[in-house]
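Structure record follows, encoded as structure tokens.
In our numbering, the protein residues as written are 14 to 298.
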């Protein structure tokens with residue numbers, strides 16, 4: 014790390030960005046995903062391909078700490094002890110990594126090309142993923158990074174207020190890993206920003222969206238409410254926010270006859286079950 018910091022400013026900043034992404038990513042990244050992540054400019058509405066760094070440059074500035082698996086094209090740290098070291102010292106080397114990664118992911122999801130919204134076929138969906146390598150990762154993990162960040166940015170709320178971009182990202186988030194005929198169409202539509210915030214457990218963001226006028230008890234095409242998604246994923250803080258609102262039904266049925274209580278119980282979220290039971294008791298009496 015002393016060698017890395019001894020490089021010219023642009024080189025050591027690139028190295029730290031690379032190392033922070035590899036250390037904090039929720040799954041291993043391919044070289045294409047990482048290159049796109051490094052090329053994003055916060056606040057821009059499209060990707061400038063001239064910003065894409067070459068893999069040779071990425072490996073060079075990282076001074077031997079990073080390698081690429083030839084068969085899988087996964088870029089990773091050279092040894093598991095390196096990962097352990099950076100996880101242990103993240104607060105020193107990459108103190109703002111989680112919020113920076115969340116902002117990069119949301120900027121990517123907010124590009125103008127995704128204003129077309131939900132893809133109408135598997136072919137269209139696969140083309141989107143192929144042409145935009147970071148899209149799958151960004152859609153599935155932006156909220157996990159934001160949940161670890163110390164504050165909430167208005168930029169995130171702007172994304173969640175854009176119905177077309179929310180619809181597009183929810184398709185990538187909820188699509189099955191199994192690739193079968195018409196697989197990309199088997200996910201719920203009519204997803205709203207408050208559904209996504211509840212899915213990821215972003216209680217502060219849920220509150221912000223409610224202030225922006227989002228319907229606290231809105232349903233998607235499968236009859237799922239924000240409370241239902243929060244309950245399924247065990248997000249106690251979001252459940253507390255939503256259960257305090259008059260009009261939010263803790264016992265609403267989705268299209269399959271499931272309720273927030275039943276999905277919480279099915280997934281073993283005991284605290285959420287108790288919170289919902291308490292809400293139902295208060296309504297009853």
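No residue lacks a Cβ here, since even glycine has one placed at the ideal position from N, Cα and C.
Where does residue 79 sit, in a helix, a strand or coil, going by DSSP? Taking the first residue of the chain shown as position 1, residue 79 is located at position 66. It is a strand residue.
Whole-number beta carbon distance between residue 230 and residue 206, since they are thought to touch under 8 Å: Taking the chain shown and counting its residues from 1, the one referred to as residue 206 is at position 193. Taking the chain shown and counting its residues from 1, the one referred to as residue 230 is at position 217. Not quite, the Cβ-Cβ distance comes to about 15 Å (not below 8 Å), so this is no contact.
Three or more C-beta pairs below 8 Å linking the region 147 to 166 and the region 215 to 229: Cβ pair count under 8 Å is three or more, so yes.
Measure from the alpha carbon of residue 237 to the alpha carbon of each residue in 220, 101, 257 and 211, then state which is nearest. Numbered from 1 along the chain shown, position 224 holds the residue referred to as residue 237. Per the Cα distances, 211.
Where do the N-terminal and C-terminal ends of the alpha helix (DSSP H) with residue 122 fall, by residue? Residue mapping note: residue 122 aligns to position 109 of the chain shown, counting from 1. 110 to 122 is the extent of the alpha helix (DSSP H) around residue 122.
Ordered along the chain, which non-local residues of its own chain (more than five positions away) have a Cβ less than 7 Å from that of residue 10? Examination of residue 10 is not possible in this model, given that the chain is present from 14 through 298 alone.
Measuring alpha carbon to alpha carbon, tell me which residue in 48, 21 and 221 is nearest residue 67. Indexing the chain shown from 1 puts residue 67 at position 54. Closest by alpha carbon: 48.
Whole angstroms is fine: what's the gap from residue 232's alpha carbon to residue 252's? Counting from one through the chain shown, the residue named residue 232 turns up at place 219. Counting from one through the chain shown, the residue named residue 252 turns up at place 239. Cα to Cα, the separation comes out at about 16 Å.
Can you list, in chain order, the stretches of the alpha helix (DSSP H) that have 4 or more residues and sit fully within the region 266 to 298? 273 to 279 and 283 to 297
Return the first residue and the last residue of the alpha helix (DSSP H) that residue 186 is part of. Taking the first residue of the chain shown as 1, we reach residue 186 at position 173. Looking at the DSSP string, the run of the alpha helix (DSSP H) that includes residue 186 is 176 to 187.
For residue 36, which three-state DSSP category applies? Along the chain shown, one-based indexing puts residue 36 at 23. Note: residue 36 maps to helix in three-state DSSP.
Taking the alpha carbon of residue 296 as the reference point, which residue from 275, 263 and 269 has its own alpha carbon closest? Start at 1 with the first residue of the chain shown, and residue 296 comes out as number 283. Here the closest residue by C-alpha is 263.
How about residue 138 and residue 184: do their beta carbons lie closer than 9 Å? By 1-based counting over the chain shown, the position of residue 138 is 125. By 1-based counting over the chain shown, the position of residue 184 is 171. Against a cut-off of 9 Å, the Cβ pair of residue 184 and residue 138 comes out as a contact.
Here's a check: name, in chain order, each residue in its chain whose Cβ is nearer than 7 Å to the Cβ of residue 254, leaving out the five neighbours to either side. Taking the first residue of the chain shown as position 1, residue 254 is located at position 241. 216, 219 and 220, listed in sequence order.
Quick check on residue 108: buried or exposed, where buried means 16 or more other Cβ atoms within 10 Å of its Cβ? To locate residue 108, count along the chain shown from 1; it is residue 95. Exposed, by the Cβ-count rule.
Using 8 Å for Cβ pairs, my map puts residue 149 next to residue 195. What's the rounded Cβ distance? Working through the chain shown from its first residue, we reach residue 149 at position 136. Working through the chain shown from its first residue, we reach residue 195 at position 182. 19 Å between Cβ atoms; not a contact.
Using 10 angstroms around the beta-carbon of residue 30, count the other beta-carbons present and answer buried if the total reaches 16, otherwise exposed. Sequence index remark: in the chain shown, residue 30 carries index 17 (1-based). Classification of residue 30: buried, given that the 10 Å Cβ count is 16 or more.
Inter-residue spacing [alpha-carbon to alpha-carbon] between residue 225 and residue 209: The residue you call residue 225 lines up with position 212 of the chain shown. The residue you call residue 209 lines up with position 196 of the chain shown. Going by the C-alpha atoms only, they are around 15 Å apart.
On the CB-based measure, 16 or more other CB atoms within 10 Å of its CB, does residue 120 come out buried or exposed? In the chain shown, counting from the first residue as 1, residue 120 sits at position 107. Residue 120 should be labelled buried.
By Cβ distance below 6 Å, which residues in the same chain neighbour residue 200 in space, the five residues on each side in sequence not counted? Position 187 of the chain shown, counting from 1, holds the residue named residue 200. Answer for residue 200: 184, 187 and 188, listed in chain order.
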